[in-house]
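In terms of my numbering, the sequence shown opens at residue 1 and continues consecutively.
Cβ coordinates follow ideal geometry from the N, Cα and C atoms, glycine included.
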Amino acid sequence: MKKFNFRKVLDGLTASSPSGSSGGGSGGGSGAGGSSVHPGGTAGAAGTPRDEIQETLTSDYFQICKTVRHGFPYLPTALAFDPVQKILAIGTRTGAIRILGRPGVDCYCQHESGAAVLQLQFLINEGALVSASADDALHLWNLRQKRPAILHSLKFNRERITYCHLPFQSKWLYVGTERGNTHIVNIESFILSGYVIMWNKAIELSTKTHPGPVVHLSDSPRDEGKLLIGYENGTVVLWDLRSKRADLRAYYDEAIHSVAWHHEGKQFMCSHSDGSLTLWNLKSPNRPFQTTIPHGKIQRDGKKPESCKPILKVEYKTCKSSEPFVIFSGGLSYDKACRRPSLTIMHGKAITVLEMDHPIVDFLTLCETPYPNEFQEPYAVVVLLEKDLIVVDLTQSNFPIFENPYPIDIHESPVTCTEYFADCPPDLIPVLYSVGAKHKKQGYSNKEWPISGGAWNLGAQTYPEIIITGHADGSVKFWDASAITLQMLYKLKTSKVFEKQKTGEGKATAEIVEEDPFAVQMMYWCPESRIFCVAGVSAYVIVYRFSKHEVNTEISSLEVRLQYEVEDIITPEPEIIPPFPDASSQLPSLKNLSGSTNTVACEGTMKDSIPCLSVKTRPVRMPPGYQADLVIQLVWVDGEPPQQITSLAVNSAYGLVAFGNCNGLAVVDFMQKTVLLSMGTLDLYGSSDPYQRQPRSPRKSKQFAAGLTELSDSPVSLELERCKSPTSDHVNGHCTSPTSQSCSSGKRLPSADVSKANRRGPGRPPFRKAQSAACMEISLPVTTEENRENSFSRSRSSSVSSIDRDSKEAITALYFMESFARKNDSAVSSCLWVGTGLGMVLILSLNLPASDDLRQSEPVMVSPSGTVLTLKGPVLTFACLDCMGTLTHPPYEVWRDPHSADDGEKTRKRKLVMHSPSSSQDMGDHQFAVICSEKQAKVFSLPSQTCLYVHNITETSFLLRADVVTLCNSVCLACFCANGHIMTLSLPSLRPLLDINYLPVTDMRIARTFCFTNEGQALYLSSPTEIQRLTYSQEMCDNLQDMLGDLFTPVETPEAQNRGFLKGLFGGSGQAFDREELFGEATAGKASRSLAQHIPGSGGIEGVRGAAGGVIGDLTRARIALDERGQKLGELDERTASMMASAEAFSKHAHEVMLKYKDKKWYQF
1 MKKFNFRKVL
11 DGLTASSPSG
21 SSGGGSGGGS
31 GAGGSSVHPG
41 GTAGAAGTPR
51 DEIQETLTSD
61 YFQICKTVRH
71 GFPYLPTALA
81 FDPVQKILAI
91 GTRTGAIRIL
101 GRPGVDCYCQ
111 HESGAAVLQL
121 QFLINEGALV
131 SASADDALHL
141 WNLRQKRPAI
151 LHSLKFNRER
161 ITYCHLPFQS
171 KWLYVGTERG
181 NTHIVNIESF
191 ILSGYVIMWN
201 KAIELSTKTH
211 PGPVVHLSDS
221 PRDEGKLLIG
231 YENGTVVLWD
241 LRSKRADLRA
251 YYDEAIHSVA
261 WHHEGKQFMC
271 SHSDGSLTLW
281 NLKSPNRPFQ
291 TTIPHGKIQR
301 DGKKPESCKP
311 ILKVEYKTCK
321 SSEPFVIFSG
331 GLSYDKACRR
341 PSLTIMHGKA
351 ITVLEMDHPI
361 VDFLTLCETP
371 YPNEFQEPYA
381 VVVLLEKDLI
391 VVDLTQSNFP
401 IFENPYPIDI
411 HESPVTCTEY
421 FADCPPDLIP
431 VLYSVGAKHK
441 KQGYSNKEWP
451 ISGGAWNLGA
461 QTYPEIIITG
471 HADGSVKFWD
481 ASAITLQMLY
491 KLKTSKVFEK
501 QKTGEGKATA
511 EIVEEDPFAV
521 QMMYWCPESR
531 IFCVAGVSAY
541 VIVYRFSKHE
551 VNTEISSLEV
561 RLQYEVEDII
571 TPEPEIIPPF
581 PDASSQLPSL
591 KNLSGSTNTV
601 ACEGTMKDSI
611 PCLSVKTRPV
621 RMPPGYQADL
631 VIQLVWVDGE
641 PPQQITSLAV
651 NSAYGLVAFG
661 NCNGLAVVDF
671 MQKTVLLSMG
681 TLDLYGSSDP
691 YQRQPRSPRK
701 SKQFAAGLTE
711 LSDSPVSLEL
721 ERCKSPTSDH
731 VNGHCTSPTS
741 QSCSSGKRLP
751 SADVSKANRR
761 GPGRPPFRKA
771 QSAACMEISL
781 PVTTEENREN
791 SFSRSRSSSV
801 SSIDRDSKEA
811 ITALYFMESF
821 ARKNDSAVSS
831 CLWVGTGLGM
841 VLILSLNLPA
851 SDDLRQSEPV
861 MVSPSGTVLT
871 LKGPVLTFAC
881 LDCMGTLTHP
891 PYEVWRDPHS
901 ADDGEKTRKR
911 KLVMHSPSSS
921 QDMGDHQFAV
931 ICSEKQAKVF
941 SLPSQTCLYV
951 HNITETSFLL
961 RADVVTLCNS
971 VCLACFCANG
981 HIMTLSLPSL
991 RPLLDINYLP
1001 VTDMRIARTF
1011 CFTNEGQALY
1021 LSSPTEIQRL
1031 TYSQEMCDNL
1041 QDMLGDLFTP
1051 VETPEAQNRG
1061 FLKGLFGGSG
1071 QAFDREELFG
1081 EATAGKASRS
1091 LAQHIPGSGG
1101 IEGVRGAAGG
1111 VIGDLTRARI
1121 ALDERGQKLG
1131 ELDERTASMM
1141 ASAEAFSKHA
1151 HEVMLKYKDK
1161 KWYQF
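In structure tokens:
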């Protein structure tokens, strides 16, 4: 309750603060909003007093909470499986644990220390998990709650943990250390036992060398009282826990990596560093009775086969009806250097090598029984790779893999941008799935996915959600993200519209990007009309229409010259133009340029009117789904490469696409396939430019031009390069060069020179500019961690003084809307709002044909309206509210299939929705324009252009993302700042509702992928392979528990085969083994306090004693106790029967004796 009241106090403070962070007042016609006045100020004539619009959102509606993480666990290190619960756990180098069950059951938890996970061990069917981390701590996780929590931790102080083993249905965990000692931990109390197996006691006294760290621990399947300890240097010891001495010692001259038992407990197999497998018999431990190097070449002279790469892990699994399986990773011969990482399956005499796409981290064989002393009957192998998870079906001879139901291929190609749509039209998901399902691969196993544990239901939240990811290879993936799950719907390959790049042409092409030239940089999707548009890194835009029918057609393409014009063009000096061997004698004219030419200028002249990529000119087969309608490419101009696109907007009702870069703006009619406008930013102002800048010619200086060289997530890569000149700095979204050079010049470098040019000088900041601002150049920090953390805290001046240094002004935001273009307009008209990197907002009027019939023939006119508004910092986003404060959506065309077989008059006529929602069809005499820049937000009243409200969001940082979103039938402005803060502001009054320091932006990936959507949802890429979703809605935080899957479901532990009372319980040994008696404090005493420190965990609210002492645990122990009691009663019964039999025999014998001597007198004896 305190939090609730405190928020209300904050609300009151921010609403009435005289410092003027938020306020209403009257501004000039241009809305130059440097000053803000108190709420008491009077609004202009067209301004609406704040009280007239009832704002329903308060701070009580907001709370930040992570919901779910999708994708493949980044940098995996460990793997574990519960064979009864059928859930899988994966540990990572960053201290994260992902627990997976049936589709929908996906849980993420994190060690606070962030230390790498070394090993994971399930308490089988107990709803608990033990993790060992690189900071030498053991943790017990309670999985009986939807968000697992740590119940206990045990931190080792003097020894380093190397291996752990927890026997089935035991509460004592064996822990091996780097010193070679073995400690024993009570899982219920998480206290160390006084029982220790010291390395010097385990090995022979005559051995002079240390055996190395413990690499393996396991109890004998035959007798739980015997513990097998494997040491790194090749020593294996079978330790008798009862008598505290070694029963057996085996020595091998190659290092051991892993050990595996035969289920009968008479043999075990070791894998070694020379690629060999040794099989040992307990009866003759002096030497292995079988040694094989499976992948070693057999020498002709009968010598031992040549050694191979180490076999890192081996598993030895038996079958009742066939030969045992021996499965191992590694062990390939050294001469095959280019061989991929492999898993080898030996079954009888057959050897199958399964080649993997990535290095193998770990693997586990899934078996029918959890009991180690029964025939194992393996049915699948789970293989954890560095960047993938695959499951191999062992029941079929060709070993097919299972089709993976998890969304772990997000990173198939590095993600470069994301978009998130909540509450979209409900018919979209089935439609996208139907076109995507046709591309399914064949050849998977026909069996059900074996990791099927846990339980999941839909929960209360049922609105459709779609996530779109753009990738470095030009692919775009549409995902169904409803009800906090993620499932791939459809994949679009945008690179298919271009000719393949031919190798060997490197120096003679017009590319501006050498690596990943098709990388997707921006996406714009209209769910209602299904129009989809992408901007690629090689300065092109593709407009896609959705069709359910396959077509075979040519791709329409347009070329646009969009270059910043200067007064006098200085021809670059000849020595900076690289010679091209296959140059033509003259420049191609625009008319005969198809876009697929590689005729570049001859030596000494410049490339001109050449696009960066070549569009396919032949007819192309387009399957159902998204089909390219138009490709628009920016071309080289006078030897200068096209600048990358920084803003993009499409409108299906108008039939227009607009895009801009740091040179200017282009507007294209994609219905008539014509360019309507291609204009430098300065020309858009006309006489309205408040700064009256004069264009200057570039200086004659050598300059480098480099494109977006890399969008991958390697630590030393250039994450995002949007400006050509690696020597220029960028402030406020327009290029500023410390040496007053132009933004780019005609010279292109070979890749080696580009990398040199991009290398950061001593005085340059590790990060440049953030995502929103155009013409930005960002280098990922390659220096220290400190630089990573502080990289985004730099304050960037928003003063206009930097304009003097360079006249370029980037287009940073575009928005099509029915709006008032000028002050004296009495009705709304079609407009394009343009935001720039200098905080300028321009409104362009769109003059569309009056009737739909004329739309294909009559030209569309685009003209500046003369309206200019200003903000501080580069403009990020626009939105429009009607006079009642309701969000009005841009007009759209209702989707119709462009290739429908039914070509009647009705289907061909366009159906336009001009005002949405329909309740606001009568727009009233005014509307509100919401504009947000990197520094501040403003609300203007239109048509009067009065600035009603202004809120200075940040002075020391800058916004990376801002979106106007709907929540609880109301509307707000959601912002994500580079200093890690997530903020929401009410609309239209811009009252702060939420401000939480969520996460510092230490990586460009977060800046590039963070996005908000409706209903209080947001997402970003938390690692190169994972999407983190979060909510800023209090309602969703409250309902989250119902939406998450259950990791633990009550399942009866299977009965052991041929269960005698003792045989099934104690591993086939005829002798009972009481660990409690042996390891308990009464017998073993207490462990040294300095050895390990017990840390109680938070434990969560759902399990106090945790899984080890949980209901199923209690039931298991009760059942074991009953079995033991039954056994004892059985023994008692047998003894009673035996006593009765002997009593009867004695009675009979006594009777016979009595009869014999019955009639004799005493003297006859």
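DSSP, reduced to helix, strand and coil, places Arg1089 outside both helices and strands of the structure shown, so it counts as coil. From the listed residues Cys932, Tyr998, Leu343, Ser397, the smallest Cα separation to Gly980 is found for Tyr998. If you draw a 10 Å sphere on the C-beta of Tyr892, you find 16 or more other C-beta atoms in it, and that means buried.
For Ala134, the secondary structure class from DSSP, reduced to helix, strand or coil, is coil. Contact between Glu559 and Gln633 is confirmed by a C-beta separation of about 5 Å, below the 8 Å threshold.
The closest CA to that of Ala1087, considering only Leu838, Thr182, Trp280, Val965, is found on Thr182. Shortest Cα-Cα distance from Glu126 to any of Thr946, Phe168, Asn651 involves Phe168. Annotated as proximal: Cys612 and Ser538, with beta-carbon spacing under 7 Å.
Among the bridge pairs identified by DSSP, Asp219 is matched with Leu227. In this model, Phe1048 and Gln119 are separated by some 21 Å (Cα to Cα).
Residue pairing for Trp199: DSSP places it in no beta bridge.
In this structure, Tyr524 lies near Leu648, with their beta-carbon atoms less than 7 Å apart. If the five residues before and after Gly194 are omitted, its C-beta is found closer than 6 Å to the C-beta atoms of Ala1084, Gly1085, Lys1086, Ala1087, all from its own chain and listed in chain order. For Asp223 and Gly265, the gap between their C-alpha atoms comes out near 8 Å. By alpha-carbon distance to Ala810, the top candidate from Ser826, Asn824, Ser830, Gly837 is Gly837. At the C-beta level, Val84 and Val1051 come within 7 Å of one another. Take Val68, set aside five residues on each side of it, and the residues of its chain with a beta-carbon closer than 6 Å to its own are Ile484, Arg1029, in chain order. Secondary structure at Gly436: helix, using DSSP grouped into helix, strand and coil. By alpha-carbon distance to Met914, the top candidate from Glu528, Ile843, Phe546 is Glu528. For Gly686, the three-state secondary structure derived from DSSP is helix. The DSSP-derived three-state label of Gln633 is strand. Under a 10 Å Cβ-count criterion, Met817 is classified as buried, with 16 or more other Cβ atoms of the shown protein chains found around its own Cβ.
Excluding the 5 residues flanking it on each side, Gly275 has same chain C-beta neighbours closer than 7 Å at Ile293, His295, Gly296, Ser307, Cys308, Lys309, Pro310, Ile311, Gly331, in chain order.
Look at the beta carbons and you see the region 393-411 touching the region 364-384: at least three pairs across the two are nearer than 8 Å. With a contact defined as Cβ atoms closer than 8 Å, Ser830 and Leu846 qualify at about 4 Å.
Pairing Gly1097 with Phe72, the inter-Cα distance amounts to about 27 Å. Leu79 is not a Cβ neighbour of Leu492, given a cutoff of 7 Å. Residue Arg991 holds the alpha-carbon nearest to the alpha-carbon of Val950 among Thr966, Arg991, Cys975. The secondary-structure analysis by DSSP pairs Cys526 across a beta bridge with Ile531.
Taking the CA atoms as reference points, Ile184 sits about 59 Å from Thr56. Taken in chain order, the complete alpha helix (DSSP H) segments of 4 residues or longer contained in the region 389-443 are 428-436. Look at Asn373 here: in three-state DSSP terms it is coil, with no helix or strand label.
Within the same chain, Tyr420, Ile1027, Arg1029 come within 6 Å of Leu1019 by CB-CB distance, once the 5 residues on both sides are set aside. DSSP, read as helix, strand or coil, puts Gln63 in strand. Annotation for Met679: the continuous beta strand (DSSP E) segment containing it runs 674-680.
Taking the C-beta atoms as reference points, Gln643 is found nearer than 7 Å to Asn663.
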